[in-house]
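Taking it in order: structure first as C-alpha cells, then the write-up.
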Amino acid sequence: MMFGLNPWALLGAGAIFVGSVTGAFFYGRSTGIDHQLAIEAKVMMKATAAIEKGRKAIDILNGRVTEARNAQSTESDTIRHDAAPIILRPIYRTPCVDADGVRLLDRAVANANRGLAGQSADDAARVPESATESGR
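The sequence shown begins at 11 in the working numbering and counts up by one.
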C-alpha cells in the first residue's frame, strides 16, 4: 500500500472530485446561459419597443396623409362643382376677368399647391420664407 491509503478511498475521492468539478461546470454553464438569455430578452424588448414606436409614427403619418388627400379631393370636387355654372356662361372675351372665374382659378391653383383656399395664385405659388431659410 502506498502512503497507507486504501485504493478504494482514493478512487472514491477522485470520483467525488470529478463529480463536483463536472457539477460546477454545468452549473456555471447554465448560469451563463441564463444570463445571456436575460440579456437577449432585454435587447429584444428594446427592439420591440422601438418597432412599436415606429409603427405608431407611421400610423399617425398615414392618418395625416389620408386626411390631406381627403381634403384635397373634397376641394377638387367643390371646384369642379363650382366650375360647371361658370363654364356654362357665355364668354365673349379671351381674358378671364369674371370675379367668380378668377376666384375659382385661384382656388384650383391653391389646391394644387396645397396652399390655403382663398389665397391668390401668386401667393400660393410663392415659396414661404421659412422654407428658404431652412435650405441655407
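Ideal placement from N, C-alpha and C gives every residue a C-beta, glycine not left out.
For clarity, every value in this text was computed on a predicted model and none was experimentally measured.
Identity of the residue in A78, G111 and D110 nearest A122 by Cα: Within the sequence shown, numbered from 1, the residue matching residue 122 stands at position 112. Comparing Cα-Cα distances from A122 to each of A78, G111 and D110, the minimum goes to A78.
Report the rounded CA-to-CA distance for S83 versus T58, giving the unit in angstroms. Walking along the sequence shown from the start, residue 83 turns up at place 73. Walking along the sequence shown from the start, residue 58 turns up at place 48. Those two C-alpha atoms are separated by around 37 Å.
Just to confirm the assignment, what range does the alpha helix (DSSP H) spanning E115 have? The residue given as residue 115 occupies position 105 in the sequence shown. Here residue 115 is Leu; the residue named in the question, Glu, does not match the sequence. Boundaries of the alpha helix (DSSP H) around L115: A109 to N123.
Here's the rule I'm using: 16 or more other beta-carbon atoms within 10 Å means buried, otherwise exposed. How should L47 be labelled? As a working mapping, residue 47 is identified with position 37 in the sequence shown. Burial call: exposed.
I need the DSSP call for A19, collapsed to helix, strand or coil. Sequence index remark: in the sequence shown, residue 19 carries index 9 (1-based). Of the three classes helix, strand and coil, the one that applies to A19 here is helix, per DSSP.
Taking the Cβ atom as the reference point for each residue, do L114 and A81 lie within a distance shorter than 8 Å? Within the sequence shown, numbered from 1, the residue matching residue 114 stands at position 104. Within the sequence shown, numbered from 1, the residue matching residue 81 stands at position 71. No, the Cβ-Cβ distance between L114 and A81 is not below 8 Å.
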